[in-house]
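Enquirer:
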Amino acid sequence: MEIVSQTSILPGFANPVADAQYGFRTAMDALARPAMPQSFAPRLRAPLVAEMASVALSLLDFEVSFWLSPSLERDPAVGTYLRFHTGSRQTTTPGAASFAFVDLTAGDPLDLAAFAQGTAEYPDRSTTVIVGCSDFTASPGLMAEGPGIKGISPFGFSPMPQGFQSDWARNRDGFPLGVDLLLVAPGSLMGLPRSTRILSRG
Amino acid sequence: MYVAVKGGERAIAAAHGLLAEKRRGDTEVPELAVEQIDGQLSLAVDRVMSEGSLYDRRLAALAIKQARGDLIEAIFLLRAFRTTLPRFGASGPLDTGAMRVRRRISATYKDLPGGQVLGPTFDYTHRLLDFTLEAEGDVPPARTAPVSEGMMPRVADIIGGDDLIERNPPENPSRPIADLTREPIAFPADRDLRLQNLARGDEGFLLALGYSTQRGYGRTHPFVGEIRMGEVDVELFVEELGFAVPLGEITLTECQMVNQFAGSKTEPARFTRGYGLSFGHCERRAMSMSLVDRSLRADEFGEERKGPAQDEEFVLSHSDNVQATGFVEHLKLPHYVDFQAELALLRQMRQDLAQSTPAQEAAE
Amino acid sequence: MTAPAYNFAYLDEQTKRMIRRAILKAIAVPGYQVPFASREMPMPYGWGTGGVQVTASILGQKDVLKVIDQGADDTTNAVSIRQFFEKTAGVETTTETLAATVIQTRHRIPETTLQGHQVLVYQVPIPEPLRFLEPRETETRKMHALAEYGLMHVKLYEDIARHGHIATTYAYPVLVAGRYVMDPSPTPKFDNPKMDDCAALQLFGAGREKRIYAIPPHTKVVSLDFEDHPFEVTRFDRPCALCGAQGSYLDEVVMDDRGARMFVCSDTDFCESRQENGHRGPLNQEAAE
Chain U
1 MEIVSQTSIL
11 PGFANPVADA
21 QYGFRTAMDA
31 LARPAMPQSF
41 APRLRAPLVA
51 EMASVALSLL
61 DFEVSFWLSP
71 SLERDPAVGT
81 YLRFHTGSRQ
91 TTTPGAASFA
101 FVDLTAGDPL
111 DLAAFAQGTA
121 EYPDRSTTVI
131 VGCSDFTASP
141 GLMAEGPGIK
151 GISPFGFSPM
161 PQGFQSDWAR
171 NRDGFPLGVD
181 LLLVAPGSLM
191 GLPRSTRILS
201 RG
Chain E
1 MYVAVKGGER
11 AIAAAHGLLA
21 EKRRGDTEVP
31 ELAVEQIDGQ
41 LSLAVDRVMS
51 EGSLYDRRLA
61 ALAIKQARGD
71 LIEAIFLLRA
81 FRTTLPRFGA
91 SGPLDTGAMR
101 VRRRISATYK
111 DLPGGQVLGP
121 TFDYTHRLLD
131 FTLEAEGDVP
141 PARTAPVSEG
151 MMPRVADIIG
161 GDDLIERNPP
171 ENPSRPIADL
181 TREPIAFPAD
191 RDLRLQNLAR
201 GDEGFLLALG
211 YSTQRGYGRT
221 HPFVGEIRMG
231 EVDVELFVEE
241 LGFAVPLGEI
251 TLTECQMVNQ
261 FAGSKTEPAR
271 FTRGYGLSFG
281 HCERRAMSMS
291 LVDRSLRADE
301 FGEERKGPAQ
311 DEEFVLSHSD
321 NVQATGFVEH
331 LKLPHYVDFQ
341 AELALLRQMR
351 QDLAQSTPAQ
361 EAAE
Chain P
1 MTAPAYNFAY
11 LDEQTKRMIR
21 RAILKAIAVP
31 GYQVPFASRE
41 MPMPYGWGTG
51 GVQVTASILG
61 QKDVLKVIDQ
71 GADDTTNAVS
81 IRQFFEKTAG
91 VETTTETLAA
101 TVIQTRHRIP
111 ETTLQGHQVL
121 VYQVPIPEPL
131 RFLEPRETET
141 RKMHALAEYG
151 LMHVKLYEDI
161 ARHGHIATTY
171 AYPVLVAGRY
181 VMDPSPTPKF
191 DNPKMDDCAA
201 LQLFGAGREK
211 RIYAIPPHTK
221 VVSLDFEDHP
231 FEVTRFDRPC
241 ALCGAQGSYL
251 DEVVMDDRGA
261 RMFVCSDTDF
271 CESRQENGHR
281 GPLNQEAAE
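Residue numbers (the working numbering), protein chains in the order written: chain U, 1 to 202; chain E, 1 to 364; chain P, 1 to 289.
#1: Considering only the beta carbon of each residue, do residue 104 of chain P and residue 81 of chain P sit closer than 8 Å?
#2: Indicate, with yes or no, if the ligand NAP has a heavy atom lying under 7 Å from the CB of residue 45 of chain U.
#3: Starting from residue 104 of chain E, trace the beta strand (DSSP E) in both directions and tell me its first and last residue.
#4: Which partner residues of residue 203 of chain P appear in the DSSP bridge assignment?
#5: Shorter than 8 Å from the beta carbon of residue 127 of chain U to some beta carbon of chain P?
#6: Where does residue 18 of chain E land, buried or exposed, given buried means 16+ other C-beta within 10 angstroms?
#7: Within a Cβ cutoff of 8 Å, which residues of the same chain sit near residue 243 of chain E, ignoring the five residues on either side of it in sequence?
#8: Check the Cβ-Cβ distances between residue 84 of chain P and every residue of chain E, and say whether any is below 8 Å.
#9: Determine the direct distance from the alpha carbon of residue 18 of chain U to that of residue 6 of chain P, and round the result to whole angstroms.
#10: Short of 8 Å in beta carbon distance, which residues of its chain neighbour residue 114 of chain E, apart from the five on each side in sequence? Order them along the chain.
#11: Are the C-beta of residue 178 of chain P and some C-beta of chain E separated by less than 8 Å?
#12: Could you give the DSSP three-state label for residue 107 of chain U: helix, strand or coil?
#13: Name the chain U residues that come within less than 8 Å of residue 275 of chain P, Cβ to Cβ?
#14: So does the segment 296-307 of chain E actually touch the segment 18-32 of chain P, counting three or more Cβ pairs closer than 8 Å?
#15: Compute the Euclidean distance between the alpha carbons of residue 3 of chain U and residue 89 of chain E, then round it to the nearest angstrom.
#16: What residue range is occupied by the uninterrupted beta strand (DSSP E) comprising residue 262 of chain E?
#17: Contact defined as beta carbons within less than 8 Å: I believe residue 177 of chain E pairs with residue 192 of chain E. What is the distance between those atoms, to the nearest angstrom?
#18: So the beta strand (DSSP E) residue 154 of chain U belongs to, where does it begin and stop?
#19: Decide if residue 137 of chain E is buried, meaning its Cβ has at least 16 other Cβ atoms within 10 Å, or exposed.
#20: To be precise: take each residue of the segment 215-234 of chain E, compare its Cβ to all Cβ atoms of chain P, and keep it if any distance is under 7 Å. Which residues remain?
#21: Helix, strand or coil: which one does DSSP assign to residue 227 of chain E?
#22: Listing by chain order, which chain P residues have their CB less than 8 Å from the CB of residue 28 of chain U?
#23: Counting only beta-carbon atoms, is residue 142 of chain P nearer than 8 Å to chain U?
#24: For residue 98 of chain P versus residue 153 of chain P, is the C-beta distance shorter than 8 Å?
#25: Between residue 112 of chain P and the rest of its own chain, which residues show a CB-CB distance below 7 Å, the 5 nearest in sequence each way excluded?
#26: Compute the Euclidean distance between the alpha carbons of residue 241 of chain E and residue 96 of chain E, then round it to the nearest angstrom.
#27: Tell me where the alpha helix (DSSP H) around residue 287 of chain E begins and ends.
#28: Show which residues of chain P have a CB atom less than 8 Å away from the CB atom of residue 153 of chain U.
#29: Threshold first: 3 residues or longer. Then list the beta strand (DSSP E) segments lying entirely within the segment 40-124 of chain U, N to C.
#30: List the endpoints of the continuous beta strand (DSSP E) containing residue 104 of chain P.
#31: Report the rounded CA-to-CA distance for residue 271 of chain E versus residue 264 of chain E, giving the unit in angstroms.
#32: Out of U/166, U/73 and U/80, which one is the CA nearest neighbour of residue 94 of chain U?
#33: Where does residue 85 of chain E land, buried or exposed, given buried means 16+ other C-beta within 10 angstroms?
#34: With a 10 Å radius around its C-beta and 16 neighbouring C-beta atoms as the bar for buried, classify residue 254 of chain P as buried or exposed.
#35: Could you check how far apart the C-beta atoms of residue 184 of chain U and residue 115 of chain U are, in whole angstroms? I think they sit under 8 Å.
#36: With DSSP run on the structure shown, which of helix, strand or coil describes residue 289 of chain P?
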């Protein structure tokens, strides 16, 4: 049995009901309007960035599991914090996780195909990946298109991993299977559901 | 000039006022106490607890009072309350073998260890209205045999001792037990999920389905191995303490049906089981449930599915009377928008016909 | 004994999280029905428990809620659901379509064009568009997985053969984002075009059937039809008797037992605001003075 020292864990939401609604509603707006960063400023002191922690505390509980990318996993305080506040199970198998947390700012890889993709009959049985970014400046020549986007929309995030565009194209081609991304950067949250297509305009 | 109907809010409040008045009935007559419902309409309380999935006699009695005796309404009240309760965990498996039995009968053996115990039953009463009940009066104390100190093994275990009935699957603590209140039903459903669904199912629905199997719609050759009713201890294993803590006792009715045997060239023939369990004293529901449980196992025994009671999707999707009553009764909600759409189409189709057959129209 | 204290918007936080996760999946896979562990609500199944659970899960203290049934704010079930949220969430409510941030509806889409900051929550009785063609969930799930929708076209075409028209006038099936055939809930097909490229997020909750689905804003929603029998909306050959609106959906009101009828807007907020702005219909002339 794991012994958790209460004093070493940072507190969770100050207002659990309102704070969770804020985290969820921002994520909902972000997924409903892909590629358009939503302003998101949760007040939370956590061993991972506040935006990521707020999404986690809003959506995770004992009914789901989560996976951490290498840099987040290396800091034991992150897993402890998430397990303690949400009751969620931590897994080391990305394909078994309901949620995954990947910190791109620390150089962690984003291997979309490693996560649960859902099944033809239950495409919802897939992993939602919360991705830590430094900012959402649109990349020149990159556009996003799909449900939730009127026409086409400029798109980008940094640091964008090598090969992301082709990885994402594969994720999109598997629709309705695939993973959905909730990308966070300081002060904002951006959604990239599996239904979104990324286009290059050279 | 036409003024649209307004005042829905006032009308609703007034209707609820009327309802409260009707519920109370004649104020010259003393009000029913919850204790009276619990004590004197106890079988109604048992049914409401079973289908309401909440073991609380007092709340079930209160629900029956509030629902003016409409048991499905009372079940609904209890369910809506139950859904708001926090969960502390799941109890350990109940040991009905250790039941403090108040009634126990077997149709498969004339005599058996522990004997046949009739207990409080309507069986063998002559269904003649007892007009003496109109007057208040004391009931003489009932004569009962001394409680036997000896063993009262379950009949299924006795048959199982000779390996003549299918063995229950071994306990597997690592496999989570299905819970349809936490996870929507997905088909095909395993037996744990089916039993949970049936345990909450409408008694009338289970009864009709069970009856249909006896009339050939998925026949299973049932024998009542045993019906037992009495009190069983409930325990909760507390992780932090490392041992099980007794929570109290509940009254249960269990029915073990012994059915058509199954076997093969390699596997010796054995009887099969149908299982029914209910809160309180609900013999009819426990028996019906065990018939339906067995019928739903058709695939397991390579039986052809041809009766409704063998059709898992049909049974599990329609057994819940809170869902059923909601959806049937929702038809009384306004549907004028949809009706208008149908009216418009109907008028257009009649117009089309009149235009295409002018001669016939003129002849009328 | 005191009444138990319920959480904000009635549902406990764990239930909300479960529903919120389902909503996010529904948005990511437009038109796909996400199973969720619908709870027993203090109102009957079939009376909007799915819509109520969705609304309760998205609602925040700053939201302004409008509830309509048959297009009207004053129908009994709309009143009852609005009161439920006033009591359990204490949120501001309104009858004005444009003042609302969340609109829960049964059977209608408001006439006023919805805006990007709004969410429309539909109450859904039977979420499965294929249910009346194939009652088995195991079968319909396969049909959706394979996008095998031939049966639906056959059914619609049989209507044409028998009646000369597609005989479906409400709950008219649509294809969402080119992938899933979806039941728009029993809204009249008159409202189907409003779902296409709608600026608001549309969420659908079916409580008894335990399904949630969604149409994100600006998503292509096409009513199923045939080249030789294109989709047609119901048209009314008269204006609203009260506000004179042309092209709004009308309720038929029976005036007497000798066949007198009048037709008025089903969307009461739309009709009333038009009248406030001086619009008058043929049966409402004297009031204009």
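Don't be surprised by glycine CBs; every beta carbon is placed ideally from N, CA and C.
Computed from a prediction, not measured in an experiment: that's the story for all the values here.
Expert: According to the data block:
#1: Within the third sequence, numbered from 1, the residue matching residue 104 of chain P stands at position 104. Within the third sequence, numbered from 1, the residue matching residue 81 of chain P stands at position 81. Taking 8 Å as the Cβ cut-off, residue 104 of chain P and residue 81 of chain P qualify as a contacting pair.
#2: Because no ligand of any kind appears in the structure shown, any question about the ligand NAP cannot be addressed here.
#3: Within the second sequence, residue 104 of chain E is the residue found at index 104, counting from 1. Its beta strand (DSSP E) spans residues 100-105.
#4: By 1-based counting over the third sequence, the position of residue 203 of chain P is 203. Answer is P/121 and P/214.
#5: The residue labelled residue 127 of chain U in the question sits at position 127 within the first sequence. No - not a single Cβ of chain P is within 8 Å of the one on residue 127 of chain U.
#6: If you number the second sequence from 1, residue 18 of chain E lands on position 18. Exposed: under 16 other Cβ atoms inside 10 Å.
#7: Here residue 243 of chain E refers to the residue found at position 243 of the second sequence. Within the same chain, residue 243 of chain E has close Cβ partners 237.
#8: As a first step, residue 84 of chain P must be located in the third sequence, where it is residue number 84. Judged by the 8 Å Cβ criterion, residue 84 of chain P is not in contact with chain E.
#9: Here residue 6 of chain P corresponds to residue number 6 of the third sequence, with the count starting at 1. Here residue 18 of chain U corresponds to residue number 18 of the first sequence, with the count starting at 1. Taking the straight line joining both Cα atoms gives about 15 Å.
#10: Numbered from its first residue, the second sequence carries residue 114 of chain E at position 114. Closer than 8 Å at Cβ, skipping near neighbours: 101, 104, 148, 150, 151, 152 and 153.
#11: Numbered from its first residue, the third sequence carries residue 178 of chain P at position 178. So no, residue 178 of chain P is outside the interface.
#12: One-based indexing of the first sequence puts residue 107 of chain U at position 107. Coil.
#13: Here residue 275 of chain P refers to the residue found at position 275 of the third sequence. Chain U residues near residue 275 of chain P: none, gap ~33 Å exceeds 8 Å.
#14: Output reads no: the segment 18-32 of chain P does not touch the segment 296-307 of chain E.
#15: For this step, residue 3 of chain U is matched to residue 3 along the first sequence. For this step, residue 89 of chain E is matched to residue 89 along the second sequence. With a pLDDT of 49 at residue 3 of chain U, under the threshold of 50, the predicted position of this residue should be treated as unreliable, though the coordinate-derived value follows. If I take the Cα positions, the gap works out to 21 Å.
#16: The residue labelled residue 262 of chain E in the question sits at position 262 within the second sequence. Looking at the DSSP string, the run of the beta strand (DSSP E) that includes residue 262 of chain E is 243-262.
#17: Taking the second sequence and counting its residues from 1, the one referred to as residue 177 of chain E is at position 177. Taking the second sequence and counting its residues from 1, the one referred to as residue 192 of chain E is at position 192. So it is a contact: roughly 5 Å between Cβ atoms.
#18: Here the question's residue 154 of chain U lines up with position 154 in the first sequence. Residue 154 of chain U -> beta strand (DSSP E) spans 152-154.
#19: Translated into the one-based positions of the second sequence, residue 137 of chain E becomes position 137. When all chains shown are included, residue 137 of chain E counts as exposed.
#20: none
#21: Residue mapping note: residue 227 of chain E aligns to position 227 of the second sequence, counting from 1. Residue 227 of chain E falls in the strand class under three-state DSSP.
#22: The residue labelled residue 28 of chain U in the question sits at position 28 within the first sequence. Residues of chain P passing the Cβ test: 20, 23, 24, 27, 58 and 201.
#23: Numbered from its first residue, the third sequence carries residue 142 of chain P at position 142. True, the Cβ-Cβ gap to chain U drops below 8 Å.
#24: Residue mapping note: residue 98 of chain P aligns to position 98 of the third sequence, counting from 1. Residue mapping note: residue 153 of chain P aligns to position 153 of the third sequence, counting from 1. Not a contact, by the Cβ cut-off of 8 Å.
#25: For this step, residue 112 of chain P is matched to residue 112 along the third sequence. These residues qualify, in order along the chain: 97, 98 and 270.
#26: Mapped onto the second sequence, residue 241 of chain E falls at position 241. Mapped onto the second sequence, residue 96 of chain E falls at position 96. Straight-line Cα distance between these residues: approximately 25 Å.
#27: In the second sequence, residue 287 of chain E corresponds to position 287, counting from 1. 283-295 is the extent of the alpha helix (DSSP H) around residue 287 of chain E.
#28: Residue 153 of chain U sits at position 153 when you count from the first residue of the first sequence. The premise fails here: residue 153 of chain U is roughly 10 Å from chain P at the closest Cβ pair, so nothing lies under 8 Å.
#29: Taking only runs of at least 3 residues, the beta strand (DSSP E) segments lying wholly in the segment 40-124 of chain U are 65-68 and 99-103.
#30: As a first step, residue 104 of chain P is located in the third sequence; it is residue number 104 there, counting from the start. From DSSP, the beta strand (DSSP E) with residue 104 of chain P extends over 102-106.
#31: Residue 271 of chain E sits at position 271 when you count from the first residue of the second sequence. Residue 264 of chain E sits at position 264 when you count from the first residue of the second sequence. Rounded to whole angstroms, residue 271 of chain E to residue 264 of chain E spans 13 Å at the Cα level.
#32: Working through the first sequence from its first residue, we reach residue 94 of chain U at position 94. If we check each option's Cα against that of residue 94 of chain U, U/73 comes out closest.
#33: For the purposes of this step, residue 85 of chain E is taken as the residue at position 85 of the second sequence. Exposed, by the Cβ-count rule.
#34: Taking the first residue of the third sequence as position 1, residue 254 of chain P is located at position 254. Residue 254 of chain P comes out exposed.
#35: One-based indexing of the first sequence puts residue 184 of chain U at position 184. One-based indexing of the first sequence puts residue 115 of chain U at position 115. With 8 Å as the limit, residue 184 of chain U and residue 115 of chain U do not qualify as a contact, their Cβ atoms being about 17 Å apart.
#36: On the third sequence, residue 289 of chain P is found 289 positions in, with the first residue counted as 1. For residue 289 of chain P, the predicted model reports a pLDDT of 44, less than 50, meaning its position is unreliable; a value from the coordinates is still stated below. Note: residue 289 of chain P maps to coil in three-state DSSP.
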